[in-house]
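Just so we're aligned, residue 2 is where the sequence shown starts under the numbering used here, counting upward by one.
Shown next, in C-alpha coordinates, is the structure this report addresses.
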Amino acid sequence: MSRTLDHSFVVPAYGCSPHLADCLASLAAQTLGGSEIVVSTSTPSEELEALAARFGARYYVHTSRGGIGRDWNAARAQAAGRWVTIAHQDDLYLPEFLASTMRAVEASPDAVLVMTDYVELLGETERSRTVMLRIKRVLLELGFLWRPCISREADKLRLLRFGSPVACPSVTLGPGATDIAFREDLKVDLDWEAWIRLARRPGSFCFVRERLMAHRIHEASETSAGVRDGTRAREDAAMFASLWPAPIAALLARAYACSYRAGGH
2 MSRTLDHSFV VPAYGCSPHL ADCLASLAAQ TLGGSEIVVS TSTPSEELEA
52 LAARFGARYY VHTSRGGIGR DWNAARAQAA GRWVTIAHQD DLYLPEFLAS
102 TMRAVEASPD AVLVMTDYVE LLGETERSRT VMLRIKRVLL ELGFLWRPCI
152 SREADKLRLL RFGSPVACPS VTLGPGATDI AFREDLKVDL DWEAWIRLAR
202 RPGSFCFVRE RLMAHRIHEA SETSAGVRDG TRAREDAAMF ASLWPAPIAA
252 LLARAYACSY RAGGH
(Lines of atoms letter the chains of each structure in order from A and count residues from 1; the text may use other names and numbers.)
(Lines give C-alpha, C1' and ligand atoms only; values in the text may rest on other atoms or scores of the structure.)
Protein backbone atom coordinates (compact mmCIF):
# COMPACT_ATOMS: atom_id res chain seq x y z
CA MET A 1 0.00 0.00 0.00
CA SER A 2 2.29 2.73 -1.30
CA ARG A 3 0.19 5.65 -0.13
CA THR A 4 0.92 4.85 3.50
CA LEU A 5 4.08 6.97 3.40
CA ASP A 6 1.90 9.90 2.32
CA HIS A 7 0.16 9.94 5.71
CA SER A 8 0.85 11.98 8.86
CA PHE A 9 -0.64 11.91 12.34
CA VAL A 10 -0.47 15.44 13.77
CA VAL A 11 -1.19 15.95 17.46
CA PRO A 12 -2.01 19.49 18.63
CA ALA A 13 -0.81 19.40 22.25
CA TYR A 14 -1.80 22.04 24.79
CA GLY A 15 0.13 21.82 28.03
CA CYS A 16 0.92 18.18 28.76
CA SER A 17 -2.23 16.10 28.92
CA PRO A 18 -2.11 13.11 31.28
CA HIS A 19 -3.49 11.08 28.36
CA LEU A 20 -0.98 12.21 25.72
CA ALA A 21 1.45 9.34 26.31
CA ASP A 22 -1.32 6.80 25.74
CA CYS A 23 -2.40 8.66 22.58
CA LEU A 24 1.12 8.67 21.15
CA ALA A 25 1.62 5.02 22.09
CA SER A 26 -1.54 4.11 20.16
CA LEU A 27 -0.28 6.00 17.09
CA ALA A 28 3.13 4.34 17.28
CA ALA A 29 1.46 0.91 17.57
CA GLN A 30 -0.43 1.06 14.25
CA THR A 31 -0.22 -2.21 12.35
CA LEU A 32 0.49 -0.29 9.14
CA GLY A 33 3.82 1.45 9.50
CA GLY A 34 5.41 4.32 7.66
CA SER A 35 3.34 7.23 8.94
CA GLU A 36 5.04 10.18 10.59
CA ILE A 37 3.85 11.52 13.94
CA VAL A 38 4.11 15.24 14.69
CA VAL A 39 3.50 16.83 18.09
CA SER A 40 2.72 20.51 17.63
CA THR A 41 2.37 22.92 20.53
CA SER A 42 2.28 26.58 21.51
CA THR A 43 3.02 25.64 25.15
CA PRO A 44 6.47 24.02 24.93
CA SER A 45 8.07 22.19 27.81
CA GLU A 46 10.94 19.77 28.34
CA GLU A 47 8.42 17.14 29.44
CA LEU A 48 6.45 17.48 26.21
CA GLU A 49 9.58 17.39 24.06
CA ALA A 50 10.83 14.27 25.85
CA LEU A 51 7.45 12.60 25.41
CA ALA A 52 7.51 13.27 21.67
CA ALA A 53 11.04 11.85 21.42
CA ARG A 54 10.01 8.76 23.38
CA PHE A 55 7.53 7.81 20.67
CA GLY A 56 9.61 8.91 17.69
CA ALA A 57 7.45 11.95 16.99
CA ARG A 58 8.70 15.15 15.42
CA TYR A 59 8.34 18.06 17.86
CA TYR A 60 7.23 21.45 16.58
CA VAL A 61 6.69 24.67 18.52
CA HIS A 62 4.59 27.49 17.14
CA THR A 63 4.17 30.84 18.84
CA SER A 64 0.78 31.91 17.53
CA ARG A 65 -1.57 31.22 20.40
CA GLY A 66 -5.16 31.83 19.41
CA GLY A 67 -7.37 28.94 20.37
CA ILE A 68 -8.16 25.49 19.07
CA GLY A 69 -8.53 26.48 15.42
CA ARG A 70 -5.10 28.04 15.28
CA ASP A 71 -3.61 25.01 17.02
CA TRP A 72 -5.20 22.63 14.52
CA ASN A 73 -4.14 24.71 11.53
CA ALA A 74 -0.57 25.06 12.80
CA ALA A 75 -0.30 21.32 13.45
CA ARG A 76 -1.75 20.40 10.07
CA ALA A 77 0.63 22.74 8.27
CA GLN A 78 3.54 20.67 9.61
CA ALA A 79 2.37 17.43 8.02
CA ALA A 80 4.66 15.99 5.35
CA GLY A 81 2.03 13.47 4.24
CA ARG A 82 -0.69 14.24 1.72
CA TRP A 83 -3.19 12.49 4.01
CA VAL A 84 -3.47 13.91 7.51
CA THR A 85 -5.20 12.74 10.69
CA ILE A 86 -5.50 15.39 13.41
CA ALA A 87 -5.19 13.13 16.45
CA HIS A 88 -6.61 14.66 19.62
CA GLN A 89 -4.22 14.42 22.54
CA ASP A 90 -6.70 12.70 24.90
CA ASP A 91 -7.93 10.04 22.45
CA LEU A 92 -6.82 6.52 21.55
CA TYR A 93 -6.43 4.89 18.14
CA LEU A 94 -6.87 1.17 17.68
CA PRO A 95 -4.01 -0.64 15.90
CA GLU A 96 -6.00 -1.08 12.65
CA PHE A 97 -7.09 2.57 12.39
CA LEU A 98 -4.52 3.59 9.79
CA ALA A 99 -4.66 0.36 7.79
CA SER A 100 -8.45 0.54 7.47
CA THR A 101 -8.38 4.23 6.63
CA MET A 102 -5.80 3.79 3.91
CA ARG A 103 -7.69 0.85 2.43
CA ALA A 104 -10.63 3.21 2.01
CA VAL A 105 -8.30 5.72 0.33
CA GLU A 106 -7.08 3.07 -2.11
CA ALA A 107 -10.66 2.06 -2.93
CA SER A 108 -11.81 5.66 -3.55
CA PRO A 109 -9.21 7.70 -5.47
CA ASP A 110 -11.42 10.83 -5.37
CA ALA A 111 -11.82 10.76 -1.58
CA VAL A 112 -11.16 14.00 0.30
CA LEU A 113 -12.31 12.84 3.75
CA VAL A 114 -12.31 9.42 5.40
CA MET A 115 -13.93 8.89 8.79
CA THR A 116 -14.27 5.83 11.02
CA ASP A 117 -16.77 4.75 13.61
CA TYR A 118 -15.72 5.18 17.22
CA VAL A 119 -16.52 4.62 20.88
CA GLU A 120 -16.55 7.10 23.73
CA LEU A 121 -14.16 6.76 26.63
CA LEU A 122 -15.41 7.94 30.00
CA GLY A 123 -12.65 7.34 32.52
CA GLU A 124 -11.67 3.75 31.77
CA THR A 125 -15.13 2.77 30.54
CA GLU A 126 -15.89 2.42 26.82
CA ARG A 127 -19.35 3.45 25.64
CA SER A 128 -20.66 2.52 22.20
CA ARG A 129 -24.44 2.44 22.65
CA THR A 130 -25.39 5.73 24.26
CA VAL A 131 -28.46 7.56 23.00
CA MET A 132 -26.30 10.26 21.41
CA LEU A 133 -24.06 7.74 19.63
CA ARG A 134 -27.10 5.92 18.28
CA ILE A 135 -28.51 9.20 16.98
CA LYS A 136 -25.20 10.00 15.30
CA ARG A 137 -25.14 6.61 13.59
CA VAL A 138 -28.65 7.23 12.27
CA LEU A 139 -27.46 10.57 10.88
CA LEU A 140 -24.44 8.89 9.31
CA GLU A 141 -26.63 6.37 7.49
CA LEU A 142 -29.02 9.15 6.48
CA GLY A 143 -26.13 10.58 4.50
CA PHE A 144 -24.37 7.41 3.38
CA LEU A 145 -27.44 5.17 2.92
CA TRP A 146 -25.26 2.15 3.78
CA ARG A 147 -22.72 2.98 1.07
CA PRO A 148 -18.98 3.20 1.84
CA CYS A 149 -18.56 6.55 0.05
CA ILE A 150 -20.69 9.44 -1.15
CA SER A 151 -19.67 12.02 -3.73
CA ARG A 152 -22.82 14.00 -4.63
CA GLU A 153 -23.02 17.36 -2.90
CA ALA A 154 -26.63 16.67 -1.89
CA ASP A 155 -25.64 13.46 -0.10
CA LYS A 156 -22.70 15.05 1.69
CA LEU A 157 -24.80 18.00 2.86
CA ARG A 158 -27.63 15.68 3.95
CA LEU A 159 -25.07 13.98 6.19
CA LEU A 160 -24.47 17.33 7.92
CA ARG A 161 -27.88 19.03 7.85
CA PHE A 162 -29.17 17.72 11.18
CA GLY A 163 -25.92 18.20 13.11
CA SER A 164 -22.46 16.79 12.62
CA PRO A 165 -22.26 13.04 13.29
CA VAL A 166 -18.64 13.05 12.10
CA ALA A 167 -16.17 12.37 14.90
CA CYS A 168 -13.44 14.91 14.20
CA PRO A 169 -10.56 12.85 15.68
CA SER A 170 -11.55 9.91 13.44
CA VAL A 171 -11.22 12.01 10.27
CA THR A 172 -8.35 11.75 7.82
CA LEU A 173 -8.19 14.56 5.27
CA GLY A 174 -6.80 14.14 1.78
CA PRO A 175 -4.91 16.37 -0.65
CA GLY A 176 -8.21 17.70 -2.02
CA ALA A 177 -8.81 19.35 1.36
CA THR A 178 -5.39 20.95 1.76
CA ASP A 179 -6.68 24.49 1.40
CA ILE A 180 -9.61 23.99 3.79
CA ALA A 181 -8.44 25.74 6.96
CA PHE A 182 -10.37 25.61 10.22
CA ARG A 183 -12.01 28.88 11.20
CA GLU A 184 -10.11 30.32 14.14
CA ASP A 185 -13.04 32.40 15.42
CA LEU A 186 -15.04 29.26 16.28
CA LYS A 187 -14.50 27.28 19.47
CA VAL A 188 -16.71 24.19 19.11
CA ASP A 189 -18.18 23.78 15.62
CA LEU A 190 -15.04 24.56 13.63
CA ASP A 191 -14.89 20.98 12.35
CA TRP A 192 -18.58 20.91 11.34
CA GLU A 193 -18.17 24.23 9.52
CA ALA A 194 -15.11 22.92 7.65
CA TRP A 195 -16.94 19.73 6.62
CA ILE A 196 -19.81 21.84 5.23
CA ARG A 197 -17.40 23.81 3.04
CA LEU A 198 -15.68 20.60 1.95
CA ALA A 199 -19.04 18.95 1.16
CA ARG A 200 -19.77 21.69 -1.35
CA ARG A 201 -16.67 20.81 -3.35
CA PRO A 202 -15.83 17.82 -5.57
CA GLY A 203 -14.58 14.67 -3.88
CA SER A 204 -15.96 11.77 -1.88
CA PHE A 205 -16.58 11.37 1.83
CA CYS A 206 -15.89 7.78 2.98
CA PHE A 207 -17.11 6.01 6.12
CA VAL A 208 -15.27 3.03 7.61
CA ARG A 209 -17.88 1.28 9.77
CA GLU A 210 -15.37 -0.22 12.19
CA ARG A 211 -14.98 1.31 15.66
CA LEU A 212 -11.32 2.19 15.34
CA MET A 213 -10.74 4.95 17.86
CA ALA A 214 -11.86 5.98 21.34
CA HIS A 215 -12.88 9.59 21.91
CA ARG A 216 -12.41 10.67 25.52
CA ILE A 217 -15.26 12.57 27.18
CA HIS A 218 -14.27 14.80 30.10
CA GLU A 219 -15.36 18.07 31.64
CA ALA A 220 -12.13 19.89 30.77
CA SER A 221 -12.67 19.47 27.02
CA GLU A 222 -13.43 22.42 24.75
CA THR A 223 -16.77 20.85 23.82
CA SER A 224 -17.87 20.51 27.45
CA ALA A 225 -16.79 24.08 28.18
CA GLY A 226 -18.69 25.29 25.11
CA VAL A 227 -21.87 23.58 26.29
CA ARG A 228 -21.59 25.18 29.73
CA ASP A 229 -21.01 28.76 28.55
CA GLY A 230 -23.49 28.70 25.66
CA THR A 231 -20.89 28.88 22.89
CA ARG A 232 -21.98 25.59 21.37
CA ALA A 233 -25.63 26.64 21.17
CA ARG A 234 -24.67 29.90 19.41
CA GLU A 235 -22.37 28.19 16.94
CA ASP A 236 -24.91 25.43 16.27
CA ALA A 237 -27.48 28.10 15.39
CA ALA A 238 -25.07 29.62 12.86
CA MET A 239 -24.33 26.22 11.30
CA PHE A 240 -28.03 25.36 10.92
CA ALA A 241 -28.65 28.82 9.42
CA SER A 242 -26.10 28.00 6.69
CA LEU A 243 -27.96 24.81 5.79
CA TRP A 244 -31.67 25.53 6.26
CA PRO A 245 -34.30 28.25 5.82
CA ALA A 246 -34.55 30.43 8.94
CA PRO A 247 -37.64 28.79 10.57
CA ILE A 248 -36.25 25.24 10.28
CA ALA A 249 -32.76 26.36 11.37
CA ALA A 250 -34.24 28.00 14.49
CA LEU A 251 -36.23 24.87 15.33
CA LEU A 252 -33.21 22.59 15.03
CA ALA A 253 -31.01 24.96 17.03
CA ARG A 254 -33.63 25.10 19.79
CA ALA A 255 -33.86 21.32 19.91
CA TYR A 256 -30.09 20.99 20.25
CA ALA A 257 -29.95 23.67 22.97
CA CYS A 258 -32.61 21.79 24.94
CA SER A 259 -30.63 18.56 24.65
CA TYR A 260 -27.56 20.28 26.14
CA ARG A 261 -29.59 21.52 29.09
CA ALA A 262 -30.74 17.94 29.58
CA GLY A 263 -27.12 16.80 29.73
CA GLY A 264 -26.45 15.74 26.17
CA HIS A 265 -23.18 16.35 24.26
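Where a beta carbon is used, it is the ideal one built from N, C-alpha and C, also for glycine.
In this structure, the alpha-carbon of G164 lies about 35 Å from that of G35. As computed with DSSP, S41 is found in a beta bridge with P13, Y61. For L191, there is no enclosing beta strand (DSSP E); the residue is found in the alpha helix (DSSP H) stretching over 191-200. Take the alpha-carbon of L114 and the one of T131: they are about 25 Å apart. Here I151 carries a strand assignment [DSSP, helix/strand/coil]. Cβ contact annotation for L122 (same chain, cutoff 6 Å, sequence separation greater than five): A215, R217, in chain order. Between the alpha carbons of S46 and R66 lies a gap of roughly 15 Å. Between I197 and P96, the alpha-carbon positions lie close to 29 Å from each other.
Burial of P170 is indicated by the presence of at least 16 other C-beta atoms within 10 angstroms of its C-beta.
Leaving aside the five residues that flank A178 on each side, the residues in its chain whose CB is nearer than 7 Å to its CB run, in chain order, V113, L114, L199.
Between the stretch 152-160 and the stretch 180-191, the count of C-beta pairs closer than 8 Å stays below three; the two stretches do not touch. Residues of the same chain with a CB within less than 7 Å of the CB of S101, apart from the 5 flanking positions on each side, are T117, V209, E211, L213 in chain order.
I69: member of the alpha helix (DSSP H) spanning 69-78, first to last residue. Around the CB of T44, fewer than 16 other CB atoms lie within 10 Å, so the residue is classed as exposed. Residue A250 holds the alpha-carbon nearest to the alpha-carbon of R162 among A108, I38, A250. In this structure, I69 lies away from R77, with their beta-carbon atoms at least 8 Å apart.
Beyond the five residues adjoining it in sequence on each side, S205 comes within less than 6 Å, by CB distance, of S109, D111, A112, C150, S152 in the same chain, given in chain order. In the DSSP assignment, the residues bridged to F206 are L114, I151.
In terms of Cβ geometry, L143 and R159 form a close pair [threshold 8 Å]. S41 is the residue among S41, D7, A105 whose C-alpha sits nearest the C-alpha of G16. The straight-line gap separating the alpha-carbon atoms of W73 and P246 is approximately 31 Å.
Membership of T126 in the beta strand (DSSP E) is indicated by the continuous run 126-128. Straight-line measurement puts the Cα of V167 at about 10 Å from the Cα of Y119.
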